[in-house]
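Taking it in order: structure first as structure tokens, then the write-up.
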Amino acid sequence: MPKSLIIVESPAKTRTLRNFLGSGYDIEASMGHVRDLPKSKLGVDVDNGFEPKYVVIRERRDVIKKLKAAAAKADAVYLASDPDREGEAIAWHLCETLNLKDPRRIQFNEITMSAVTEALRNPHQINRDLVNAQQARRVLDRLVGYMLSPLLWKKVKKNLSAGRVQS
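At the far end of the sequence shown sits residue 442, using the working numbering, and the numbering has no gaps.
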């Protein structure tokens, strides 16, 4: 019998949700972000609207494989990453990486039976404005780090790096 798949960020949440929801749901964890800009290069196409070029995080390849298999068997997929900008980006990256056609975004601010069942009754679309805000922060962080760090090495001290863009 098909089950609905709920993807959360943390394995600790999977155990709690399994206790609440029972056998009608398959609960899996993404372990946080599943894609990022590549470590070995800029990963931002500055000539094409500063388009980020994401890659699957090496340590998440097995997680992605497991999530793809679970999604293929599910009658519905609920993306239950955290209710913030990073969580929204994680949901979007999961949608893109798993090739989800009809993902259902759910959010809850507390892990209680009532909060989770209320979220399941009211799924919504991924908030692209929050995803875009997270992407802009990530791209700016990368550009500042890649452009300023070499300057710091020349002018100040080797192995210094420019800090994160605060937003």
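Beta carbons: idealized from backbone N, C-alpha and C, even for Gly. From a predicted model like this one, the values you see are computed outputs, not experimental measurements.
Point to revise | Local Cβ density within 10 Å of H399, reported as buried at 16 or more and exposed below that | key: Indexing the sequence shown from 1 puts residue 399 at position 124. By the neighbour-count rule (16 or more Cβ atoms within 10 Å), H399 is not buried but exposed.
Review point. Between V331 and the rest of its own chain, which residues show a CB-CB distance below 7 Å, the 5 nearest in sequence each way excluded?
Key: One-based indexing of the sequence shown puts residue 331 at position 56. Result list for V331: V309, R310, I339, T372, in chain order.
Practice item. In the DSSP assignment, find the alpha helix (DSSP H) that holds S389 and state where it starts and stops. Key: Residue 389 sits at position 114 when you count from the first residue of the sequence shown. Unbroken alpha helix (DSSP H) run through S389: 388-396.
Point to revise | Close Cβ partners of Y300 (< 8 Å) along its chain, the five nearest in sequence each way excluded | key: Along the sequence shown, one-based indexing puts residue 300 at 25. Excluding positions up to five away in sequence, the list reads K278, S279, L280, I281, L292, R293.
**Study point:** Length of the line joining the Cα atoms of S442 and L418
**Key:** Counted from its first residue, the sequence shown places residue 442 at position 167. Counted from its first residue, the sequence shown places residue 418 at position 143. Because S442 carries a pLDDT of 43, less than 50, the predicted location of this residue cannot be relied on, and no value is offered for it.
Review point. Would A366 be called buried (16 or more neighbouring beta carbons within 10 Å of its own) or exposed?
Key: Counted from its first residue, the sequence shown places residue 366 at position 91. It counts as buried.
Exercise for review: Compute the Euclidean distance between the alpha carbons of K341 and L415, then round it to the nearest angstrom.
Suggested key: For the purposes of this step, residue 341 is identified with residue 66 of the sequence shown, where counting begins at 1. For the purposes of this step, residue 415 is identified with residue 140 of the sequence shown, where counting begins at 1. Distance between the alpha carbons of K341 and L415 is about 32 Å.
**Study point:** C-beta atoms of A304 and K314 nearer than 8 Å
**Key:** The residue you call residue 304 lines up with position 29 of the sequence shown. The residue you call residue 314 lines up with position 39 of the sequence shown. Not in contact: A304 and K314 (Cβ atoms no closer than 8 Å).
Review point. Span of the alpha helix (DSSP H) holding L280?
Key: By 1-based counting over the sequence shown, the position of residue 280 is 5. No alpha helix (DSSP H) holds L280; the beta strand (DSSP E) holding it covers 279-283.
Point to revise | Nearest residue (CA-CA) to V283, options N384, Y329, L312, E326 | key: The sequence position of residue 283 within the sequence shown is 8, counting from 1. Among N384, Y329, L312, E326, the Cα nearest to that of V283 belongs to N384.
Exercise for review: Pick helix, strand or coil for A411, following the three-state DSSP scheme.
Suggested key: Here the question's residue 411 lines up with position 136 in the sequence shown. In the structure shown, A411 sits in a helix (DSSP, three-state: H, G or I).
Practice item. Following the continuous beta strand (DSSP E) through V352, name the residue where it begins and the one where it ends. Key: Counting from 1 along the sequence shown, the entry for residue 352 is found at position 77. Its beta strand (DSSP E) spans residues 351-354.
Check your understanding: Is P286 helix, strand or coil by DSSP?
Key -> Mapped onto the sequence shown, residue 286 falls at position 11. If DSSP states are grouped into helix, strand and coil, P286 belongs with the helices.
Check your understanding: Exposed or buried, what is S298 when buried is set at 16 or more other beta-carbons lying within 10 Å of its beta-carbon?
Key -> Position 23 of the sequence shown, counted from the first residue, corresponds to residue 298. Answer is exposed; the Cβ neighbour count stays below 16.
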